[in-house]
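In what follows, a structure is listed as structure tokens, so that the remarks can point back to it.
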Amino acid sequence: MADPFTCLKKLSERSPLIQRQDALAAGLNSSTLTSLTRKGVLIRVGHGLYQLAGQEAPNPELVEVSRRQPKGVIVLLSALAFHGIGSHRASEVWLQLPNNAPTPTFTWPPVKVVRSRLAAAFTEGVEVHLIGGHAVRITSVDRTIVDCFKHRRLVGLDVAVEALRERMGNRQGQWRSLQNLHRYSRLMRVARIMQPYMEAMI
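Going by our numbering, the letters in the sequence shown line up with residues 1 to 202, in that order.
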């Protein structure tokens, strides 16, 4: 058997999250994984998922969901947390999927699925961020705020208003223009709902 650390190092270069089945396929065994975890060489981040100590990637749950659902988009509370907006944190990954896409069956990370039949919802205001070397599709700040108003019954109107207030209070540099907020609000058909809040914050 090859040196365990060498095997794990190669696996971590492909993905910051090392899956148990990949480690076994590379020649490691369950007792070795358990031993390395006890020694602190490996960190168990989920069922059958590990990271090398000292090489932890940020937001491993976003990477894992995006790897398993490449057509999905990280949205709402998860997108707000990624952008550092608001005080609400997600206990699960909020994922937008097409109406006809199958429901994810994996247990980690826990996922909250939001469906959309609008094709533009998967392209407009969707950014690609590299996290641990992996491309993760996440809604932009302005698109995320608009989505929070659209799905205010899911996330709470207070979440949407807090995010909008923070955005309106930081109108410098790339945030100076409100053009994208207006455009996405029309696209998502929440312009009339958002307008009074925006006017009160200007």
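C-beta: ideal position from N, C-alpha, C; glycine also.
Between the stretch 135-148 and the stretch 181-200, the count of C-beta pairs closer than 8 Å reaches three or more; the two stretches touch.
The DSSP-derived three-state label of serine 66 is helix. Taken through DSSP and simplified to helix, strand or coil, threonine 105 comes out as coil. Just measuring C-alpha positions, the residue of Ile85, Leu17, Leu157, Ile74 sitting nearest valine 111 is Ile74. Inter-residue distance for leucine 49 and glycine 40 is about 14 Å (C-alpha atoms, whole angstroms).
When the beta-carbon positions are compared, proline 70 and proline 16 stay at least 9 Å from each other. Judged by DSSP secondary structure, glutamate 127 falls within the beta strand (DSSP E) whose first and last residues are 126-131.
Cα atoms of tryptophan 108 and alanine 81: separation of roughly 18 Å, rounded to the nearest angstrom. The Cβ neighbour count for glycine 54, taken over all protein chains shown within 10 Å, is under 16; the residue is labelled exposed. Pairing arginine 20 with proline 4, the inter-Cα distance amounts to about 13 Å.
At the C-beta level, arginine 165 and methionine 201 come within 9 Å of one another. The DSSP-derived three-state label of valine 161 is helix. In summary, serine 12 is buried, with 16 or more beta-carbon neighbours lying within 10 Å of its beta-carbon over all protein chains present. Buried is the label assigned to serine 66, since at least 16 other Cβ atoms lie within 10 Å of its Cβ. The beta carbons of tryptophan 94 and serine 78 sit about 4 Å from each other, so the pair counts as a contact at 8 Å.
Here glycine 125 is not near alanine 101, since their CB atoms are 9 Å or more apart. Contact annotation, leucine 52 with valine 136: C-beta distance approximately 20 Å; criterion of less than 8 Å not satisfied.
Within the stretch 23-101, the complete beta strand (DSSP E) segments of 3 residues or longer fall at 42-46, 49-52, 93-98, listed in chain order. In terms of Cβ geometry, glycine 132 and proline 196 do not form a close pair [threshold 9 Å].
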